[in-house]
Each structure stands twice: as C-alpha cells, then as structure tokens.
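The numbering of the sequence shown is this note's numbering, which starts it at 294 and goes up by one.
Glycine residues also receive a C-beta, built at the ideal position from the N, C-alpha and C atoms.
In this text, all values refer to a predicted model and were calculated from it rather than measured experimentally.
Following: one structure in structure tokens, then a few remarks.
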Amino acid sequence: MAIQKCGLNLNRIYKELQPHGTFHFPCAAYSETYSDKQEQVIPWHWHEELEIAYIKEGKIKLQIPGKTYFLEKGECIIINSNMLHYAAAAPWCELQSLVFHPTLITGSSDSVFSTKYLLPLISQTSFQGYMLKTNGNKTELDNFINAFEALAYDTPGFEFVVRENLSKICYFLYLQFRNEISSGETGLNQDNIRIRKMIDYIHNNYSDNIVLSDIARSADIGERESLRCFQRTIQISPMQYLLKYRIMQGADFLLKNPSKSISEIAGLCGFDSPSNFSKMFKRFYNCSPREYKSLHTHGE
C-alpha cells in the first residue's frame, strides 16, 4: 500500500466519508505539506478511526473540543475515534499520519483485545487526544515511524509491522488511562455532545437565515449556554463559526460551480447580498471571490 495525499471527503455534518485503507486492512498512511493559508486549514471534522499525526518538519496547531495542542518537529498526537478535531500550520508543516480502524488491532469485536483493552480505551471520556513528545516518548514515536514507513514503502509483510507497532501504541495508551478506565466513566462529555449537535445543525442549515436561538435550540440549551459551550470547546462563537463555514462553502462553490455567478453563490451560502459575501470573503482569504477563482482555476 502506497503513501497517500491528504484530502478530506466530508458529509454535511463533517463526518469524513473517505475510507482509510481497505476492508481487509483498514489503515492508511498520509503525507502532506501545509501552510497557514486559509484554504489549507484542516477544518473541524471527525471519523470513526483513530488517527496518529506526526510532525516531520515545522509546527502545527491542533484543536479538539476544549483543548489546544501546539506540536513541533518530531512530536505526535493521537486522536481518539469519533473526536472532532481541527488543525492549522504555524506557519507551515510537513504532516505524516496513520488513520486506522480499531478492528485492525482487535480483529473481531468480541475478542479480548476489543473487550478488555481497546473498546474501554476509546470509550473513555478523558481520552480525547494524547501527545507523544520527543523528550519522553521515544519508544512510542519509533513505533509510529516503523509503522508509517512499512506502510508507506510497502515493505514485505508490512501488515504485520503496522499492526504490531500500532498495537504497542494502543497498549501504551491503555496504561496511561487504565485508572480512568477502571472507574467506569465512558462516553462523550456533555459539551462534546452539545457541540456536535450544534455544528450538525449549522452544517445542515447554513444557507437559511438562522440565528443564535436556532443553534442553541438544536442542542436543547439556551443562547447563553450555547455561547459558553462554543467558547469552552472550540474558542469561537456560534455565529462566527456559522460565518466561517459559509465562507468556506462559498470558496468550494466557486471552484466546483464555475458557471454560477457571485450573486448566486452568495445566496446559496446564506448571505443577504453579494457585496456582503465579497466583503467577508476578502476578510478570510485576502482576495475577492473572483480573484480566488482565477488564482485556483489557473493553478497559480
């Protein structure tokens, strides 16, 4: 199996649809270089697989609800299954990652590896993300590099190498969280449940004239609690998130629907006027919608 380019394929609630690896070997290796340009930001998304991201060069800022990590060259972060996450280079980085389904490690769902170790781990409330640092996790970082290189370069028997090294990392994580696991606390915390519901609502209704009360109602909470929940988890207000999402959708429409006018795209993205859309677009991308379309159409 060869190394792959990062490329998100997301549904309307930003669950990633792209399969990682194959049915018989559910693991894929990715490598990509990112800058801090708005179009190269990795947006909030989630997937069933666990992900291990390694900074080969440069720096990156990665967020999960309620936590922000700053990673430098040689460091890793392990992101739990079904966890919302976002990343932006600071100001650039070369990122390598392995994305794998728990069944790669456990085999069947009723195996001892699943019931005793991995299922309790990924169900653990306190395990959202875990950093591996160069000054304390050399063994685990080497495990990642061994697995990544075996998969990326298609070495003979790479399946055994990948599974063995990822299993070691998973067992390491289990040991870090075994006290919490033994306490029986499982599931997403309340903020994570609420933020997923509100983001889901925004992604499905961004083209409509929605207001803060609509967003709050989607999670059965009041407007003030909605504001606090967004601030606690992703450090941005609901309406700011809505605006940013509308602009990102507009940028996508510009490239995927070249025959549509700026006015049509503004309406599809929930803006009350083309001029307001263009003003907000320039604030995010430092260019007008037409300039953005021309720049990316000609590949400059």
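Given residue i as reference, the closest of the options once Cα atoms are compared
| i | options | result |
| --- | --- | --- |
| L547 | I503, T526, I527, S571 | S571 |
| N428 | M532, E365, P336 | E365 |
| L536 | K409, I492, P395, M376 | I492 |
| E473 | F420, S581, L444, W337 | F420 |
| F523 | W337, Q333, F470 | W337 |
| R604 | Y327, I555, I495, R487 | The structure shown does not extend to residue 604, since the chain spans only 294 to 593, so no value can be given for it. |
| N458 | D447, F470, E433, A445 | E433 |
| S506 | M532, I527, H496 | M532 |
Start and end residues, alpha helix (DSSP H) containing residue i
| i | result |
| --- | --- |
| H496 | 483-498 |
| G543 | 531-549 |
| P582 | 582-590 |
With 16 other Cβ atoms within 10 Å as the buried cut-off, status of residue i
| i | result |
| --- | --- |
| R576 | exposed |
| L310 | Reliability of the predicted coordinates at L310 is poor, the pLDDT of 40 falling under 50, and the value obtained from them is presented with this limitation in mind. Under this definition L310 is an exposed residue. |
| Y423 | buried |
| G563 | buried |
| H589 | exposed |
| F453 | exposed |
| R305 | With a pLDDT of 44 at R305, under the threshold of 50, the predicted position of this residue should be treated as unreliable, though the coordinate-derived value follows. By the 10 Å Cβ count, R305 comes out exposed. |
| S519 | buried |
| G543 | buried |
| P413 | buried |
| H394 | buried |
| L468 | exposed |
| R517 | exposed |
| E584 | exposed |
| Y446 | exposed |
| A551 | The residue asked about is misnamed: residue 551 is Pro in this sequence, not Ala. Classification for P551: exposed. |
Where the beta strand (DSSP E) through residue i begins and ends
| i | result |
| --- | --- |
| E518 | No beta strand (DSSP E) holds E518; the alpha helix (DSSP H) holding it covers 516-527. |
| H378 | 378-393 |
| T418 | It is not in any beta strand (DSSP E) - T418 carries neither H nor E in the DSSP assignment. |
| A321 | 320-328 |
| C369 | 369-372 |
Distance between beta carbons of residue j and residue i, contact taken as under 8 Å
| i | j | result |
| --- | --- | --- |
| T611 | P319 | For residue 611 there is no data in the structure shown, the boundaries of the chain being 294 and 593. |
| K352 | F363 | 7 Å |
| D484 | P384 | With a Cβ gap of about 30 Å, D484 and P384 do not count as contacting. |
| C463 | I398 | 6 Å |
| H313 | V392 | 4 Å |
*Specify whether the segment 363-379 and the segment 337-348 touch according to this definition: at least 3 beta carbon pairs, one from each stretch, less than 8 Å apart.*
They touch, by the three-pair rule.
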